[in-house]
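**Student:** 17 is the number of the first residue of the sequence shown in the numbering used here; add one for each residue after it.
Even glycine gets a Cβ: it sits at the ideal position worked out from N, Cα and C.
Input: one structure, supplied below.
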Amino acid sequence: MKSEIQLSTPNPAGLARRKFLNTAALAGLSLGTVACADKKSENVAGPASAPSTDGAHGGASVHLKPGELDTYYGIWSGGHTGDMRILGLPSGRELLRIPCFVPDALVGWGITNESKAIMGTKADGSLRYTVGDSHHTHASYKDGNYDGRYSWINDKINSRIARVRLDYFICDKITQLPNVQGFHGIFPDKRDPVDPAINYTTRVFCGGEFAIPLPNTGSEDASKYRSLFSCVDAETMEVRWQVLIDGNCDLVATSFDGKLAATNQYNTEMGAHYEDMMAAERDACLFYNVARIEAAVKAGKFKTIGKSKVPVVDGTREANSDPKTALTAYVSVPKNPHGVNATPDQKYFICAGKLSPTGTVIELAKVLDWFDGKLEKLDSAIVAEVELGLGPLHTAFDGRGNAYTTLFLDSQVVKWNIEAAIKFHNGDKSAKYVVDRIDVQYQPGHVNASQSETIAADGKYLAVGCKFSKDRFLPVGPLHAENEQLIDISGEKMVLLADHPVRGEPHDFIIFKRDLVKPKQVYSLDDFPNAIKDPKESGVFRQGKKVTVKMTSQAPAFSLREFTVKKGDQVTLILTNLDKIEDLTHGFAIPNYNVNFIVNPQETASVTFLADEPGVYWCYCTHFCHALHLEMRTRMIVEA
Ligand code: CUK
Ligand code: CUA
Ligand code: CA
Numbered sequence: 017m018k019s020e021i022q023l024s025t026p027n028p029a030g031l032a033r034r035k036f037l038n039t040a041a042l043a044g045l046s047l048g049t050v051a052c053a054d055k056k057s058e059n060v061a062g063p064a065s066a067p068s069t070d071g072a073h074g075g076a077s078v079h080l081k082p083g084e085l086d087t088y089y090g091i092w093s094g095g096h097t098g099d100m101r102i103l104g105l106p107s108g109r110e111l112l113r114i115p116c117f118v119p120d121a122l123v124g125w126g127i128t129n130e131s132k133a134i135m136g137t138k139a140d141g142s143l144r145y146t147v148g149d150s151h152h153t154h155a156s157y158k159d160g161n162y163d164g165r166y167s168w169i170n171d172k173i174n175s176r177i178a179r180v181r182l183d184y185f186i187c188d189k190i191t192q193l194p195n196v197q198g199f200h201g202i203f204p205d206k207r208d209p210v211d212p213a214i215n216y217t218t219r220v221f222c223g224g225e226f227a228i229p230l231p232n233t234g235s236e237d238a239s240k241y242r243s244l245f246s247c248v249d250a251e252t253m254e255v256r257w258q259v260l261i262d263g264n265c266d267l268v269a270t271s272f273d274g275k276l277a278a279t280n281q282y283n284t285e286m287g288a289h290y291e292d293m294m295a296a297e298r299d300a301c302l303f304y305n306v307a308r309i310e311a312a313v314k315a316g317k318f319k320t321i322g323k324s325k326v327p328v329v330d331g332t333r334e335a336n337s338d339p340k341t342a343l344t345a346y347v348s349v350p351k352n353p354h355g356v357n358a359t360p361d362q363k364y365f366i367c368a369g370k371l372s373p374t375g376t377v378i379e380l381a382k383v384l385d386w387f388d389g390k391l392e393k394l395d396s397a398i399v400a401e402v403e404l405g406l407g408p409l410h411t412a413f414d415g416r417g418n419a420y421t422t423l424f425l426d427s428q429v430v431k432w433n434i435e436a437a438i439k440f441h442n443g444d445k446s447a448k449y450v451v452d453r454i455d456v457q458y459q460p461g462h463v464n465a466s467q468s469e470t471i472a473a474d475g476k477y478l479a480v481g482c483k484f485s486k487d488r489f490l491p492v493g494p495l496h497a498e499n500e501q502l503i504d505i506s507g508e509k510m511v512l513l514a515d516h517p518v519r520g521e522p523h524d525f526i527i528f529k530r531d532l533v534k535p536k537q538v539y540s541l542d543d544f545p546n547a548i549k550d551p552k553e554s555g556v557f558r559q560g561k562k563v564t565v566k567m568t569s570q571a572p573a574f575s576l577r578e579f580t581v582k583k584g585d586q587v588t589l590i591l592t593n594l595d596k597i598e599d600l601t602h603g604f605a606i607p608n609y610n611v612n613f614i615v616n617p618q619e620t621a622s623v624t625f626l627a628d629e630p631g632v633y634w635c636y637c638t639h640f641c642h643a644l645h646l647e648m649r650t651r652m653i654v655e656a
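Right under this line is the structure:
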């Protein structure tokens, strides 16, 4: 296989241009600039900070002494490993992977009946999907800050949203969005737009990226394809409503007052091929008026699509030209924007340009004015549109008025001051809005700062998700680790603190203070309706060919020393771990039967399988638990 990507090829000279990129330039750039090790200063608008490797600056250190705990949690999406990852920061140590969309051999995700019920099965009991692609993860809010209840994550491949409980750090619900392909951006609301008592997350918004025939009959002309923006109930995880829209949603942002959500639209052209998707000079940041949409649903002004019962309101441009009744507002932003982020001062949404070297600042009060008929031209809600560098993608904030935007093509993060950018945009050319630039290694996508999109943004650390690590780590074959870099943003200048190799391929992540979550370390037996609370309840219970094996574990023994079933039995094995000490987890593996799962302290899990091969099978504990861990076994005897 020959790659078009030559990692050592210097950048085309075109990279230095600070102009809007045209279609032809982009086609070249997208293949020719994958790694920018040879990028020289002529490509950089301002002087880039020299990378520092001393690991300390302004008191910030990534090095924790042995036994010292991190001060922040990081929640990382896993990309197409389909999991969520928990990191400690600033050390960057990976603490946990939480399987969501894809089976996981460590915990038995996709093996146990409980996890299969969450993941979804076909009629024959097998998993409906075994692949996933998670990009965005965002946690629930209260009073404008994270409240440690949930974090949600998307699966772009099968349009599923998973919820992770932040007490047990497990996925507890997955919902598939009807009539959506390429579910991409995700963001919970931060409070209710109408009821002031609801100052916490009750909705999660999901952007649908790919336009498809609705219903998806496969026969419609591509120009008629449409996408849907969906609202999922944070508690029930049911889809409350959807909005039919023009364009393809990428990310989602929500306002702190709960009134507005927005998605950046890169394909307002509604093109089916990439050239068509880049035809127009401008696309849109599409705003949703949440209260009006819900009023329309309540008033019955919706349709349904295909077999889905979810109400769908019309949010297309054509149907929403009158501000007094509009459910949506399409604010024009430059070419193929990527990312939309809410500033912690609660005032603005910022769209990055991607194919335009600009960042666009949209004032939310003005968008609301437009909906109220008080702003004549919607586009005057744009209060700044300033050049940042090449390939701006995502933006994070320090709570001191500065934004940090990744420049994919420049392999930089640019720090810029939002109010100065607004002044510059208003004609004050002396306003220096670019504060600093720093080279990152290489091709950054997402960026996030500690507490960034909360009212408690603290401006300490910035993590940058670099898509390519090229020469930063020992080579391990053709596939490289990605490079998550940590930058100290506590001072005027950004200082690179550390490189962290990370298994492919996270997109988005959030970073928040460790005291915002209260993890539980032992389950409660009562959480499991099928828990075996007393070892005396153990045994083999037969109903015809259906056999239930009930067992408990207490280090270093299972309650049954052996159990016998017959060939052809459909066996359901239920295991409750009666150990009560945190981390005293046991595994349960059955050779040749494709069974392995764990039970954490006071947890119950079950598996169902067909006993189709007679023999003796040593079921053993796979999770090291005790000095007699190896001895922790039981025999399954399958009689002929
Ligand atoms: S998209 Cu991946 S780098 Cu899914 Cu958030 Cu921008
Ligand atoms: Cu129980 Cu190892
Ligand atoms: Ca476009």
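Does the Cβ of Gly355 lie closer than 7 Å to at least one heavy atom of ligand 1?
**Tutor:** Here residue 355 corresponds to residue number 339 of the sequence shown, with the count starting at 1. For ligand 1, at least one heavy atom lies less than 7 Å from the Cβ of Gly355.
**Student:** Using only alpha-carbon positions, find the residue among Asn280, Phe272 and Ala269 that is nearest to Thr263.
**Tutor:** Locating residue 263 in the sequence shown gives position 247, where the first residue counts as 1. It should be noted that the sequence gives Gly, not Thr, for residue 263. The candidate whose alpha carbon is nearest that of Gly263 is Asn280.
**Student:** What number of angstroms, rounded off, separates the C-alpha of Pro522 from the C-alpha of Lys325?
**Tutor:** Taking the first residue of the sequence shown as 1, we reach residue 522 at position 506. Taking the first residue of the sequence shown as 1, we reach residue 325 at position 309. Roughly 34 Å separates the two Cα atoms.
**Student:** Going by the DSSP bridge assignment, what does Val611 pair with across the sheet?
**Tutor:** As a first step, residue 611 must be located in the sequence shown, where it is residue number 595. For Val611, which the question treats as bridged, DSSP gives the partners Ile606.
**Student:** Near Ala40, which residues of its chain fall below 7 Å by C-beta distance, leaving aside the five closest residues on each side in sequence?
**Tutor:** Within the sequence shown, residue 40 is the residue found at index 24, counting from 1. Any reading at Ala40 is ruled out, since the residue's pLDDT is 40, under 50, leaving its predicted position unreliable.
**Student:** From Asp658 to Trp432, what does the alpha carbon distance come to, in whole angstroms?
**Tutor:** Because the chain spans 17 through 656 in this model, residue 658 falls outside it and cannot be assessed.
**Student:** Measuring from the CB of Phe613, is there a heavy atom of ligand 2 at a distance below 7 Å?
**Tutor:** The residue you call residue 613 lines up with position 597 of the sequence shown. Not under cutoff, so the answer is no.
**Student:** Is DSSP giving Ala61 helix, strand or coil here?
**Tutor:** As a position in the sequence shown, residue 61 is number 45, starting the count at 1. Caution is warranted here: a pLDDT of 39 is assigned to Ala61, below 50, making its placement in the model unreliable, and the coordinate value is therefore given only provisionally. Three-state result, Ala61: coil.
**Student:** If I'm right that Gly657 touches Pro360 with Cβ under 8 Å, what's the distance once you round it to whole angstroms?
**Tutor:** Beyond the ends of the chain as shown, which are 17 and 656, falls residue 657; an answer cannot be given.
**Student:** Output the residues surrounding ligand 3, defined as those with a CB atom closer than 7 Å to any ligand heavy atom, in chain order.
**Tutor:** Taking each Cβ in turn, the ones that pass are Tyr282, Asn283, Thr284, Glu285, Met293, Met294, Ala295, Ala296, Asp299, Lys351 and Asn352.
**Student:** Express the C-alpha separation of Phe574 and Val196 in angstroms, rounding to a whole number.
**Tutor:** For this step, residue 196 is matched to residue 180 along the sequence shown. For this step, residue 574 is matched to residue 558 along the sequence shown. Answer to the nearest angstrom: the Cα atoms are 46 Å apart.
**Student:** Hey, would you say Thr146 sits closer than 8 Å to Ser93, going by beta carbons?
**Tutor:** In the sequence shown, counting from the first residue as 1, residue 146 sits at position 130. In the sequence shown, counting from the first residue as 1, residue 93 sits at position 77. Not in contact: Thr146 and Ser93 (Cβ atoms no closer than 8 Å).
**Student:** Under the three-state reduction of DSSP, which class applies to Tyr216: helix, strand or coil?
**Tutor:** Stepping through the sequence shown from its first residue, residue 216 is reached at position 200. Reduced to three states, the DSSP call for Tyr216 is strand.
**Student:** Assuming Leu12 contacts Tyr364 (C-beta within less than 8 Å), just tell me the rounded distance between them.
**Tutor:** Limits of the chain in this structure are 17 at one end and 656 at the other, which puts residue 12 out of reach.
**Student:** Using beta-carbon positions only, say whether Asn357 and Tyr282 come within less than 8 Å of one another.
**Tutor:** Here the question's residue 357 lines up with position 341 in the sequence shown. Here the question's residue 282 lines up with position 266 in the sequence shown. In this structure, Tyr282 does not lie closer than 8 Å to Asn357 by Cβ.
**Student:** Return the chain-ordered list of same chain residues with a C-beta closer than 6 Å to the C-beta of Pro212, the five sequence neighbours on each side being excluded.
**Tutor:** Walking along the sequence shown from the start, residue 212 turns up at place 196. Closer than 6 Å at Cβ, skipping near neighbours: no residue.
**Student:** Hey, how far is the Cα of Asp208 from the Cα of Gln570?
**Tutor:** Counted from its first residue, the sequence shown places residue 208 at position 192. Counted from its first residue, the sequence shown places residue 570 at position 554. Between Asp208 and Gln570, the C-alpha separation is close to 46 Å.
**Student:** Nearest to Ala288 by CA position, among Phe245, Lys317, Pro339 and Pro229, is which residue?
**Tutor:** By one-based count along the sequence shown, residue 288 stands at place 272. The shortest C-alpha separation from Ala288 is found at Pro229.
**Student:** What first and last residue would you give for the alpha helix (DSSP H) that runs through Ala307?
**Tutor:** Walking along the sequence shown from the start, residue 307 turns up at place 291. Unbroken alpha helix (DSSP H) run through Ala307: Val306 to Lys314.
**Student:** What are the start and end residues of the beta strand (DSSP E) that includes His79?
**Tutor:** Counted from its first residue, the sequence shown places residue 79 at position 63. No beta strand (DSSP E) holds His79; DSSP gives it neither H nor E.
**Student:** When DSSP labels each residue in this structure, what does Phe489 get in the three-state scheme?
**Tutor:** Your numbering for residue 489 matches position 473 in the sequence shown. Phe489 falls in the coil class under three-state DSSP.
**Student:** Using alpha carbons as the reference points, say which of Arg298, Val377, Thr284 and Gln362 lies closest to Glu334.
**Tutor:** Here residue 334 corresponds to residue number 318 of the sequence shown, with the count starting at 1. Here the closest residue by C-alpha is Thr284.
**Student:** Tell me whether Gly461 counts as near ligand 1, meaning its Cβ is closer than 7 Å to at least one heavy atom of that ligand.
**Tutor:** The residue you call residue 461 lines up with position 445 of the sequence shown. Flag set: Cβ of Gly461 near ligand 1.
**Student:** Is Gly95 buried or exposed, if buried means 16 or more other CB atoms sit within 10 Å of its CB?
**Tutor:** Indexing the sequence shown from 1 puts residue 95 at position 79. When all chains shown are included, Gly95 counts as buried.
**Student:** Look at the alpha carbon of Glu58 and the alpha carbon of Ala381, and state the distance between them as a whole number of angstroms.
**Tutor:** Position 42 of the sequence shown, counting from 1, holds the residue named residue 58. Position 365 of the sequence shown, counting from 1, holds the residue named residue 381. For Glu58, the pLDDT reaches just 35, beneath the cut-off of 50, and the residue's location in the model is therefore unreliable, leaving the point undetermined.
**Student:** Using the rule of at least 16 other Cβ atoms within 10 Å of the residue's Cβ for burial, across every protein chain shown, is Lys665 buried or exposed?
**Tutor:** Nothing can be reported for residue 665, as the shown portion of the chain is limited to 17 through 656.
**Student:** Where in the region 537-623 do unbroken runs of the beta strand (DSSP E), each at least 3 residues long, occur, reported from the N-terminal end onward?
**Tutor:** Runs of the beta strand (DSSP E) inside the region 537-623: 555-559, 562-570, 578-582, 586-593, 602-606 and 611-615.
**Student:** Check the C-beta distance from Glu236 over to Asp266 and give it rounded, since I have them as a contact under 8 Å.
**Tutor:** Translated into the one-based positions of the sequence shown, residue 236 becomes position 220. Translated into the one-based positions of the sequence shown, residue 266 becomes position 250. So it is not a contact: roughly 23 Å between Cβ atoms.
**Student:** Cβ of Val430 within 8 Å of Cβ of Val456?
**Tutor:** Stepping through the sequence shown from its first residue, residue 430 is reached at position 414. Stepping through the sequence shown from its first residue, residue 456 is reached at position 440. Not a contact, by the Cβ cut-off of 8 Å.
**Student:** What beta strand (DSSP E) runs, 3 residues minimum, are completely inside the region 379-423?
**Tutor:** DSSP runs (the beta strand (DSSP E)) wholly in the region 379-423: 398-403, 408-413 and 418-423.
**Student:** Does the beta-carbon of Phe640, which I'm using as the reference point, lie nearer than 7 Å to any heavy atom of ligand 2?
**Tutor:** Here residue 640 refers to the residue found at position 624 when the sequence shown is read from its first residue. Checking the Cβ of Phe640 against ligand 2 gives yes.
**Student:** Starting from Met652, trace the beta strand (DSSP E) in both directions and tell me its first and last residue.
**Tutor:** As a first step, residue 652 is located in the sequence shown; it is residue number 636 there, counting from the start. Run containing Met652: Arg649 to Glu655, per the beta strand (DSSP E) assignment.
**Student:** Suppose only complete runs of 4+ residues qualify. What are the alpha helix (DSSP H) ranges in the region 122-176, listed by chain order?
**Tutor:** Counting only runs of 4 or more, we get 129-135.
**Student:** Can you give the Cα-Cα distance for Gly375 and Gln537, rounded to whole angstroms?
**Tutor:** Along the sequence shown, one-based indexing puts residue 375 at 359. Along the sequence shown, one-based indexing puts residue 537 at 521. About 44 Å.
**Student:** Pull up the distance between the alpha-carbon of Val556 and that of Ile214, whole angstroms please.
**Tutor:** For this step, residue 556 is matched to residue 540 along the sequence shown. For this step, residue 214 is matched to residue 198 along the sequence shown. So the alpha carbons of these two residues sit roughly 49 Å apart.
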